[in-house]
Amino acid sequence: MSADTPTSPPDPLDGIAQTLDNAAGGAIAQVTLGLSPATLYEAFSNWALHLALSPGKQLQLAAKMGRKHMRLFDYAARSASDSDAALAIEPLPQDRRFSDPAWRKPPFNILSQAFLLHQQWWHAATTGVGGVNGHYEHMVQFTARQMLDMVAPTNFLATNPLLQQRIIETGGKCLVDGFQHLMEDMEHLVRGLPPVGVEYFRVGDTVATAKGKVVYRNQLIELIQYEPTTDQVRPEPILIVPAWIMKYYILDLSPENSMVNWLTSQGYTVFMISWHNPGTQDRDLDMENYRLMGPMAALDAVTAITGASSVHAVGYCIGGTLLSIALAAMARDGDERIASATLLATQTEFSEPGELGLFIDEGQLNLLEKMMWSRGYLDGSQMGGAFQILRSNDLVWSRVLGTYLMGERESLNDLMAWNADGTRMPYAMHSQYLRRLYLDDDLAEGKYKAGGKSIALSSIRKPLFVVGTERDHVAPWRSVHKIHLLTDAEITFVLTSGGHNAGIVSEPGHKGRRFKVKTREAEGLAYDPEEWQERAERKDGSWWIEWGEWLARHSGNPVAPPPLGAPDKGYAPIADAPGHYVLER
Numbered sequence: 018m019s020a021d022t023p024t025s026p027p028d029p030l031d032g033i034a035q036t037l038d039n040a041a042g043g044a045i046a047q048v049t050l051g052l053s054p055a056t057l058y059e060a061f062s063n064w065a066l067h068l069a070l071s072p073g074k075q076l077q078l079a080a081k082m083g084r085k086h087m088r089l090f091d092y093a094a095r096s097a098s099d100s101d102a103a104l105a106i107e108p109l110p111q112d113r114r115f116s117d118p119a120w121r122k123p124p125f126n127i128l129s130q131a132f133l134l135h136q137q138w139w140h141a142a143t144t145g146v147g148g149v150n151g152h153y154e155h156m157v158q159f160t161a162r163q164m165l166d167m168v169a170p171t172n173f174l175a176t177n178p179l180l181q182q183r184i185i186e187t188g189g190k191c192l193v194d195g196f197q198h199l200m201e202d203m204e205h206l207v208r209g210l211p212p213v214g215v216e217y218f219r220v221g222d223t224v225a226t227a228k229g230k231v232v233y234r235n236q237l238i239e240l241i242q243y244e245p246t247t248d249q250v251r252p253e254p255i256l257i258v259p260a261w262i263m264k265y266y267i268l269d270l271s272p273e274n275s276m277v278n279w280l281t282s283q284g285y286t287v288f289m290i291s292w293h294n295p296g297t298q299d300r301d302l303d304m305e306n307y308r309l310m311g312p313m314a315a316l317d318a319v320t321a322i323t324g325a326s327s328v329h330a331v332g333y334c335i336g337g338t339l340l341s342i343a344l345a346a347m348a349r350d351g352d353e354r355i356a357s358a359t360l361l362a363t364q365t366e367f368s369e370p371g372e373l374g375l376f377i378d379e380g381q382l383n384l385l386e387k388m389m390w391s392r393g394y395l396d397g398s399q400m401g402g403a404f405q406i407l408r409s410n411d412l413v414w415s416r417v418l419g420t421y422l423m424g425e426r427e428s429l430n431d432l433m434a435w436n437a438d439g440t441r442m443p444y445a446m447h448s449q450y451l452r453r454l455y456l457d458d459d460l461a462e463g464k465y466k467a468g469g470k471s472i473a474l475s476s477i478r479k480p481l482f483v484v485g486t487e488r489d490h491v492a493p494w495r496s497v498h499k500i501h502l503l504t505d506a507e508i509t510f511v512l513t514s515g516g517h518n519a520g521i522v523s524e525p526g527h528k529g530r531r532f533k534v535k536t537r538e539a540e541g542l543a544y545d546p547e548e549w550q551e552r553a554e555r556k557d558g559s560w561w562i563e564w565g566e567w568l569a570r571h572s573g574n575p576v577a578p579p580p581l582g583a584p585d586k587g588y589a590p591i592a593d594a595p596g597h598y599v600l601e602r
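For the sequence shown, the working numbering begins at 18 and goes up steadily by one.
Okay, structure coming up:
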């Protein structure tokens with residue numbers, strides 16, 4: 018605009034309009050659980066229009082429907098005389114809804130097979146339609162799957178043989194018990210109480226029990242230094258940067274599966290960041306605040322307390338993304354205090370954000386920002402609801418069936434109790450995170466700025482140990498694997514069994530664990546995920562053992578443990594672990 022271009026005076030209604038828009042958007046978001054109706058409409062309209070203009074795809078779908086009906090009729094005929102007749106369609110490996118033998122008896126075998134065949138048909142109908150925006154295709158496919166899960170025969174009395182049998186066995190008492198469970202859960206929900214059973218997992222008593230001291234505190238973090246459990250320790254301490262989406266003690270659950278306990282038993286001095294649970298007053302905390310007051314402030318404290326010249330850094334989930342940003346900024350600025358970095362279920366490239374980021378586009382982000390505006394944060398229950406939707410079979414409908422219809426309340430374990438201990442996310446940080454990382458992919462594209470200057474992941478040269486999990490709905494392992502394309506550093510990549518949380522909490526001795534591992538030397542070739550799987554070495558057991566050996570190779574000879582805190586340097590112990598911030602509600 019030139020200097021002589023006339024400008025309009027500020028419109029006095031701008032503020033009022035913004036307030037009204039935010040209020041309306043927030044109200045809509047509460048009703049739709051944070052999902053944008055406009056985004057869903059655009060996605061389904063895009064799909065429906067392109068399907069309507071694709072006569073070839075329609076013909077293909079019609080033929081598929083005919084073949085599936087023939088397969089169902091054929092199975093019905095065969096199963097009438099042979100109860101062990103081969104199924105028309107096998108459920109997916111992770112779908113255990115129809116595994117009980119009762120589902121092989123008529124008419125329930127026909128109902129379950131019809132459902133699975135129609136589920137497969139809808140997958141074909143919502144994918145591969147020419148011209149459909151790829152993002153919209155994923156949204157339509159995901160939404161269709163959720164709608165089908167709602168009407169699965171397992172969810173209704175008339176079509177579920179196991180539920181019918183349970184009612185007969187209990188004389189209907191299971192329905193009475195289920196109704197009582199429902200009322201109890203509704204009361205907890207209305208009163209803002211944690212789920213039933215969480216009271217048996219008390220932070221600092223039965224979970225988060227590793228001994229240590231809070232040695233530093235600022236507006237955003239408490240830094241916990243854990244007591245040594247060996248006579249000598251490696252000279253390089255370990256600093257863990259957990260996600261702030263949930264509480265830190267996912268890495269210090271019960272004593273037997275605590276990563277903290279395991280690391281100290283391996284002869285390391287361990288420090289853990291415990292994030293403050295933000296409130297309305299923290300609405301303006303952004304990603305830069307999290308970087309500076311989080312890992313950078315913690316790194317200053319760790320090196321001052323231990324006297325170490327270098328530190329092993331560990332980041333989990335979004336904490337690993339923040340650590341990656343910090344590593345790139347440190348490389349840019351010539352800060353050499355990191356000896357190695359471990360990234361657990363961490364995305365640095367977001368073009369394939371996974372199902373959690375499936376609905377993130379400009380319209381969805383705008384609605385989320387309006388929802389967060391009035392309170393200044395995103396509530397943990399809203400994020401928890403999103404996680405449950407990702408695994409609706411396991412976390413929603415199985416609970417409705419088991420708890421409210423069969424009257425059997427599942428006992429919580431430590432991981433489930435931790436999952437119910439949600440946190441909030443400040444408006445500025447969460448908006449910036451979704452826009453700059455999920456929506457614009459600035460970090461991978463070299464457009465992200467830290468300290469006012471651009472950073473590049475390609476500048477990271479420290480050895481990396483990167484872990485992806487096979488069934489991760491939050492950080493898909495193929496997306497995690499893309500770090501091979503973003504830096505020439507030495508990368509040891511591990512793909513472990515399990516999901517985003519259970520795959521990481523994989524202590525030695527945990528039954529059924531397995532993983533694949535391969536090291537790409539510095540400036541070596543990067544393989545695509547499928548070729549990597551073919552070349553990687555398969556091992557049974559916990560990946561922690563592999564990690565421990567890797568850490569040892571990048572560590573110095575053991576020395577005497579440092580003291581807990583350093584009062585003379587301004588890091589006097591403040592409180593016993595687990596500290597105050599982890600208890601904030």
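Ideal Cβ positions, reconstructed from N, Cα and C, are used throughout, including at glycine.
As the structure is a prediction and not an experimental result, all values here were calculated from the model.
Query	Result
Beta-carbon separation of C191 and L422 under 9 Å?	yes
Taking the alpha helix (DSSP H) that D112 falls in, what are its first and last residues?	Taken as a continuous stretch (DSSP letters only), D112 belongs to no alpha helix (DSSP H), as it is neither H nor E.
At which residues does the beta strand (DSSP E) containing Q242 begin and terminate?	I238 to Y243
Whole angstroms is fine: what's the gap from S71's alpha carbon to V146's?	8 Å
By how many angstroms is the C-alpha of S62 removed from the C-alpha of S19?	Note that S19 scores a pLDDT of 46, beneath 50, so its modelled location is shaky; the value from the coordinates is reported in the next line. Spanning the two alpha carbons is a distance of roughly 42 Å.
Determine, using beta-carbon pairs with one atom in the region 156-176 and one in the region 53-61, whether at least three such pairs fall under 8 Å.	yes
Express the C-alpha separation of V207 and E601 in angstroms, rounding to a whole number.	19 Å
Would P254 pass as a contact of T359 if the rule is Cβ separation under 9 Å?	no
What would DSSP say about A330, mapped onto helix, strand or coil?	strand
Counting Cβ pairs closer than 8 Å, one from the region 522-537 and one from the region 361-368, do we hit at least three?	no
Taking a contact to mean a Cβ-Cβ separation below 9 Å, would you say L268 touches L316 in this structure?	no
To which residues of the same chain is L134 closer than 7 Å at the C-beta, ignoring the five residues directly before and after it?	K85, R88, L89, A105 and I106
Given Q137, which residues of its chain have a CB within under 8 Å of its CB, disregarding the five upstream and five downstream residues?	K85 and I106
Between M304 and Q163, which are expected to be in contact by the criterion C-beta below 8 Å, what is the C-beta distance as a whole number of angstroms?	Contact flag wrong, Cβ pair sits at about 31 Å.
DSSP puts V534 in a beta bridge; with which residues?	V511 and E554
Among the candidates L68, W549, I262 and R183, whose CA atom is the shortest distance from the CA of N436?	I262
By Cβ distance, which residues of its chain are closer than 7 Å to K81, with the 5 residues on each side in sequence left out?	W138 and A141
What is the DSSP secondary structure of S357, reduced to helix, strand or coil?	strand
DSSP state of M156, grouped into three classes?	helix
Sorted by chain position, which residues of the same chain lie with C-beta nearer than 6 Å to P578's C-beta, five sequence neighbours on each side aside?	P245 and V250
Write down the C-beta distance between H517 and A492 rounded to the nearest angstrom, noting that I regard them as a contact closer than 8 Å.	6 Å
Classify Y217: buried if its beta carbon has 16 or more other beta carbons within 10 angstroms, exposed otherwise.	exposed
For Y233, does the three-state DSSP call read helix, strand or coil?	strand
I'd like the span of the beta strand (DSSP E) that includes L192, first residue to last.	L192 -> not in any beta strand (DSSP E); alpha helix (DSSP H) instead, spanning K190 to V207.
Given 8 Å as the limit, is there contact between the region 348-357 and the region 574-590, that is, 3 or more CB pairs closer than that?	no
Using a Cβ-Cβ cutoff of less than 8 Å, which residues in the same chain neighbour P170 once the five nearest sequence positions on both sides are dropped?	F125, L128, S129, F132, T176 and N177
Among V231, S271 and I562, which residue has its Cα nearest to the Cα of P580?	V231
Could you tell me if S496 is buried or exposed, where buried requires 16 or more neighbouring beta carbons within 10 angstroms of its beta carbon?	buried
Do L302 and P312 count as a contact pair if the criterion is CB distance below 9 Å?	no
Quickly, what does DSSP pair L256 with across the bridge? List them, please.	F288 and A330
Helix, strand or coil: how does DSSP classify D458 here?	coil
How about S291 and P595: do their beta carbons lie closer than 9 Å?	yes
Among E369, G188 and L432, which has the Cα closest to the Cα of G151?	E369
Using DSSP with H/G/I as helix, E/B as strand and the rest coil, what is K528?	coil
Taking the Cβ atom as the reference point for each residue, do T504 and S471 lie within a distance shorter than 9 Å?	no
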